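Position 120 of the sequence shown, counted from 1, bears residue number 120 in the working numbering, the numbering being contiguous throughout.
Ideal Cβ placement from N, Cα and C applies to all residues, glycine included.
Just so you know, these numbers come straight off a predicted model, no measurement behind them.
Working notes, structure below.
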Amino acid sequence: MSVILFSAIGQGFSQSLSDILREAENNYKNFNQDFKDMSIVFDAKIYTPEGEMLSEMKLFTKGEKSRSEIVMQMPEGMGSMQTIIIFDGQDTWMISPFVGKNKLTTKQAEEQMQYQAGMNWWRSISDKAKYIGIERINNRECYVLEIEAGGASFYSRIWVDKNNLFLVQAEGKNDSGETMRMIFSDFRKIKDNWELPYKTEGFMDEVQMMTILLKSFEINQGLSDDLFDVDKVEASGPNMQEMMQNLMQQGKD
């Protein structure tokens with residue numbers, strides 16, 4: 001997994017799937033040469049029938065590795081809960097106070113980290129994918145790629161900017177058959193021709209479920225490898241006994 005960062009690579013190359021994937025892979029390699037590591041902070045709003053939930057997300061990347069930290073505010077009196085997702089260069093792991101440490105499949109990892117779908121989107125696309133055509137999304141001409149069902153990717157269709165080869169939109173169905181759609185927008189240059197989306201929106205069956213805004217970022221800070229070592233990670237969260245006591249007390253009030 002890696003953050004959605006891209007470089008302008010010019011216009012007018014062939015529309016064949018193999019060319020698109022080759023250019024995307026070269027783009028990813030060039031990114032890793034310019035950005036040894038990166039730290040990004042996001043603010044997120046999750047929309048639920050009970051109202052909005054606020055959370056802060058932190059993303060750390062170093063070469064092939066990435067670490068995502070999500071802090072969710074719990075109900076009143078219960079503090080907050082942290083969930084950590086790490087890609088160690090080979091496998092993706094989720095660590096949380098409730099479930100401990102779990103290894104995720106590719107689909108599970110994509111579903112958990114949709115806001116960070118990645119400029120290495122090309123990795124989960126096999127030669128069975130299809131190039132559908134060109135469609136305009138948010139005033140950007142995009143290649144539309146259809147991904148085979150049952151493949152490694154959570155998504156079934158993605159829209160990739162025709163000129164810069166970054167991900168603009170991704171769509172797929174979850175296990176319940178609901179259509180999930182992620183839209184990446186408000187791209188801004190952060191260094192030379194590299195861009196980063198400052199806004200990410202998530203929808204389920206056309207109902208908006210979340211909005212994520214980029215708050216800050218730092219590059220080439222010399223991040224420690226320990227950040228990406230799952231054996232050295234422990235997620236923080238509410239004390240289970242205290243949480244149950246609070247719930248019981250609220251039930252009495």
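Buried or exposed: N26, going by 16 or more other Cβ atoms within 10 Å of its Cβ? Counting from one through the sequence shown, the residue named residue 26 turns up at place 26. N26 comes out exposed.
Taking contact to mean 3 or more Cβ pairs, one atom from each stretch, closer than 8 Å, check whether the stretch 205–219 and the stretch 43–57 are in contact. Yes, the stretch 205–219 touches the stretch 43–57.
Is S216 closer than 8 Å to V41 when the C-beta atoms are compared? Within the sequence shown, residue 41 is the residue found at index 41, counting from 1. Within the sequence shown, residue 216 is the residue found at index 216, counting from 1. Yes, the pair counts as a contact, with Cβ atoms nearer than the cut-off.
Report, in whole angstroms, the separation of the C-beta atoms of K65 and D34, which I expect to be a contact under 8 Å. Here the question's residue 65 lines up with position 65 in the sequence shown. Here the question's residue 34 lines up with position 34 in the sequence shown. Taking a contact as a CB-CB distance under 8 Å, the pair K65 and D34 does not count as one, their CB atoms being some 17 Å apart.
For A134, collect the residues of the same chain with a Cβ closer than 6 Å to its Cβ; drop the 5 residues on either side in sequence, then sort them by chain order. As a first step, residue 134 must be located in the sequence shown, where it is residue number 134. First, the amino acid is wrong: residue 134 is Ile here, not Ala. So the list reads E141, once near-sequence residues are dropped.
Given a cut-off of 8 Å, decide if L104 and A129 are closer than it, judged by their beta-carbon atoms. The residue given as residue 129 occupies position 129 in the sequence shown. The residue given as residue 104 occupies position 104 in the sequence shown. Contact: no.
Helix, strand or coil: which one does DSSP assign to D19? Counting from 1 along the sequence shown, the entry for residue 19 is found at position 19. In the displayed model, D19 falls within a helix according to three-state DSSP.
Using 8 Å as the threshold, is the C-beta distance between G72 and M81 below it? Position 72 of the sequence shown, counting from 1, holds the residue named residue 72. Position 81 of the sequence shown, counting from 1, holds the residue named residue 81. It should be noted that the sequence gives Met, not Gly, for residue 72. Yes, Cβ-Cβ distance for M72 and M81 is below 8 Å.
Restricting to Cα atoms, I'd like to know which of E195, L214, D175 is closest to E201. Position 201 of the sequence shown, counting from 1, holds the residue named residue 201. Among E195, L214, D175, the Cα nearest to that of E201 is on L214.
Bridge partners of S45, per DSSP? As a working note, residue 45 is residue 45 in the sequence shown. In the sequence under discussion, the amino acid at residue 45 is Lys, which differs from the Ser named in the question. According to DSSP, residue pairing for K45 in a beta bridge involves L54, T211.
Since F60 and L223 should fall inside the 8 Å C-beta cutoff, what is the C-beta to C-beta distance between them, to a whole number of angstroms? Here residue 60 corresponds to residue number 60 of the sequence shown, with the count starting at 1. Here residue 223 corresponds to residue number 223 of the sequence shown, with the count starting at 1. Right, the Cβ-Cβ distance comes to about 6 Å (below 8 Å), so this counts as a contact.
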